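When we follow the working numbering, the leftmost residue of the sequence shown carries the number 1, and every step to the right adds one. Structure record follows, encoded as C-alpha cells.
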Amino acid sequence: MSKLNCLLKSDAGYEALLLRVPVGLILAAHGAQKLFAWFGGYGLEGTGQWMGSIGLEPGYLMALLAGSGEFFGGLMLVFGLLTRVGAALNVVAMAVALFWVHFANGLFLSNNGYEYALALLAATASLLVMGGGKLSVDKLLARS
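Below is the structure:
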C-alpha cells in the first residue's frame with residue numbers, strides 16, 4: 001500500500017462525516033476571521049498585532065499560520081480531502097490556543113477558559129486517528 005493510500009484509508013463510517021462537517025465549518029469560519037476579517041474578525045493585521053501582544057512572535061506570521069491552518073484545514077475536513085492533514089493542522093492550532101491563550105483562565109468559556117479549544121482539539125484528534133470515513137473525497141481517492 002502506498003504512503004498516500006495509508007493517509008487516505010479509513011475504516012470509519014458515517015460518524016466521521018457527522019464530526020467532520022460541523023467541526024470543519026467552525027474552524028474554517030474562525031480561519032476566515034483571521035485571514036480575511038470576515039464574520040467580525042480582525043484580519044491578518046489585527047490578529048497579528050494581538051498575537052504579537054501575547055508573545056506569539058512574529059505576530060503576522062503566526063496569524064497567517066493559524067488562520068491558514070484553520071481555514072484550509074477546516075475546508076479539508078468539510079470535504080474529507082486529506083482529512084488527516086487538515087486534522088493535524090488543527091490539532092496543532094488548538095493545542096497552541098488551549099495552552100498559550102486559554103489554559104490560565106481555567107476550564108469555562110465564560111472566563112475565556114479552554115473548554116471550547118479542548119472540544120475542538122478532541123474532535124480534530126479523533127479525525128486524525130479515524131480519517132475521513134464514508135462520504136469523503138479521501139474514500140474516493142483511496143479506491144482509484
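Just so you know, even glycine gets a beta-carbon here, dropped at the ideal spot from N, CA and C. Small disclaimer: the values here were computed from a predicted structure and weren't measured.
Asked                                                                                                                           : Found
Within the chosen definition, does the stretch 48-57 reach the stretch 108-121 through at least 3 CB pairs nearer than 8 Å?     : no
Taking the continuous alpha helix (DSSP H) assigned at Ala95, which residues delimit it?                                        : Thr83 to Val96
Would you mind working out which of Val101, Leu27 and Ala97 sits nearest Leu77, comparing C-alpha positions?                    : Leu27
Tell me whether Ser2 is buried or exposed, calling it buried when 16 or more other Cβ atoms sit within 10 Å of its Cβ.          : exposed
So, are the CB atoms of Ala125 and Val101 less than 8 Å apart?                                                                  : no
Do Phe95 and Leu121 have their C-beta atoms closer together than 8 Å?                                                           : The sequence given here places Ala at residue 95; Phe does not occur at that position. Against a cut-off of 8 Å, the Cβ pair of Leu121 and Ala95 comes out as a contact.
Whole angstroms is fine: what's the gap from Ala63's alpha carbon to Leu89's?                                                   : 14 Å
Do you know how far the Cα of Phe39 is from the Cα of Gly133?                                                                   : 30 Å
Could you give the distance in angstroms between the alpha-carbon of Leu8 and the alpha-carbon of Leu107?                       : 34 Å
In three-state DSSP terms, what is Ser126?                                                                                      : helix
Rounded to the nearest angstrom, what separates Val23 and Phe103 at their Cα positions?                                         : 21 Å
So the alpha helix (DSSP H) Arg60 belongs to, where does it begin and stop?                                                     : For the record, residue 60 in the displayed sequence is Tyr; it is not Arg. Per DSSP, Tyr60 belongs to the alpha helix (DSSP H) from Gly59 to Phe79.
Which same chain residues, not among the five before or five after Gly67, have their C-beta less than 6 Å away from its C-beta? : Gly31, Lys34 and Leu35
Is Gly48 closer than 8 Å to Gly59 when the C-beta atoms are compared?                                                           : yes
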